[in-house]
Structure formats: C-alpha cells, structure tokens
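Colleague: For the sequence shown, the residue numbers in the numbering used here are 153 to 222.
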Amino acid sequence: MGVSLMAFDFNKVADGRAIASITDPSVLFDALPNKAEGYGYLRAVQKTVLDSWSQRRNERDLVILSLIHI
C-alpha cells in the first residue's frame, strides 16, 4: 500500500483578498480556480471531514484518520 502525493501549484491560486479571507475549508475549496480534472468538487465524505475538522480547528494536535475497509 503506497502513498500518492499530488503537487500543489501555487501559481494557480487566485490573487487578492477575497480568497484569503475565506476560513471555511469547503468554501475555500470551491473558491479555488483551475482545479485539476476530476477535482472539481468535494465528495460528500470529504466535506463531512472538513466540516468536522473546522469546528475543532483551534484544538492542539488534532489529527484526521482515514480508516479504509477493504
């Protein structure tokens, strides 16, 4: 089982204060321009995880675990 990493191209992020002021992670994702093909929207489970994390974002040492059942 390997880990795949996707490079983030900071040149594709919009300039300006509008996107910088967004703190809700799912809204921030929606606001990102030029998403790679296949990454145009968050899947329901991704949004659920981000929303749950966002409510606790100020807690120290908060970790998100992904349990996959095969």
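Don't be surprised by glycine CBs; every beta carbon is placed ideally from N, CA and C.
(1) Hey, would you say residue 216 sits closer than 8 Å to residue 201, going by beta carbons?
(2) Under 8 Å between the Cβ atoms of residue 176 and residue 206?
(3) Can you look up residue 182 in the DSSP assignment and give me helix, strand or coil?
Modeller: So, to answer that:
(1) Locating residue 216 in the sequence shown gives position 64, where the first residue counts as 1. Locating residue 201 in the sequence shown gives position 49, where the first residue counts as 1. Contact flag set, yes.
(2) The residue you call residue 176 lines up with position 24 of the sequence shown. The residue you call residue 206 lines up with position 54 of the sequence shown. Going by C-beta atoms, residue 176 is nearer than 8 Å to residue 206.
(3) Position 30 of the sequence shown, counting from 1, holds the residue named residue 182. Residue 182 falls in the helix class under three-state DSSP.
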